[in-house]
Amino acid sequence: MTITERFSAMYRDFTNLDLNELKTIYSPKIEFIDPIAHHHGLSALEEYFANMVTMTDYCKFDIHAVTACQPNEDNFSYIINWTMHARPASLKKHIELPGISQLKVDSSGIYYHRDYYDVGQMVYEHIPVVGWLVKKIKGRLQS
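For the sequence shown, full-length UniProt numbering begins at 1 and goes up steadily by one.
Written as structure tokens, this is what we have:
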């Protein structure tokens, strides 16, 4: 399996994540960034993912496209389009969240992973009062 095939397989069933599998995908020097956190190193990523798994009843990703990048000055290797399906244990409500990941890969594995998604759609819109306000602001911006 290629690194992107292993990556896709792992995220398709994130609920049953095997933390040992991360070593076969990510470099020990991984830099992982998403709208919520910024982590350096495999042990920090393992801890972050373990916490995410325990905080959700289920979490899986539909991988829509894996696009290899042409040589570029930023050394991006792949862009991955996905939709996350999850139910946070505290919310007990299904969340569907589209996003993309930028990956940089070398012989040690994925050494840079950055996710882009709407954190408001993931978190803020589900908080009473705050959620109403966020949706109202989004509606006005779209008008």
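The C-beta atom is built at its ideal place from N, Cα and C for all residues, glycine as well.
Inter-residue spacing [alpha-carbon to alpha-carbon] between residue i and residue j
i: M10; j: L141; result: 36 angstroms
i: A89; j: L19; result: 20 angstroms
i: F43; j: S143; result: The question names Phe, but residue 43 in the sequence shown is Ser. The alpha-carbon atoms of S43 and S143 are separated by roughly 45 angstroms.
i: H39; j: E47; result: 10 angstroms
Exposed unless 16 or more other CB atoms sit within 10 angstroms - verdict on residue i
i: I110; result: buried
i: T24; result: exposed
i: A50; result: exposed
i: T54; result: exposed
Under the three-state DSSP convention, the category residue i falls into
i: F32; result: strand
i: K93; result: coil
i: G99; result: strand
i: I25; result: coil
i: N81; result: strand
i: A50; result: helix
i: A37; result: coil
Same chain, Cβ closer than 6 angstroms to residue i, neighbours up to 5 away in sequence not counted
i: M84; result: F61 and L97
i: S108; result: S27
i: D57; result: R87 and A89
i: F7; result: I25
Cβ-based neighbour list, residue i, same chain, cut-off 7 angstroms, excluding 5 preceding and 5 following
i: V119; result: P35 and I36
beta-carbon residue i near the ligand MG non-hydrogen atom, thresh 7 angstroms
i: S8; result: The model on display carries no ligand, and the ligand MG is accordingly not part of it.
### Task
Inspect the CB distances between the stretch 28 to 40 and the stretch 99 to 117 and report whether three or more fall short of 8 angstroms.
yes
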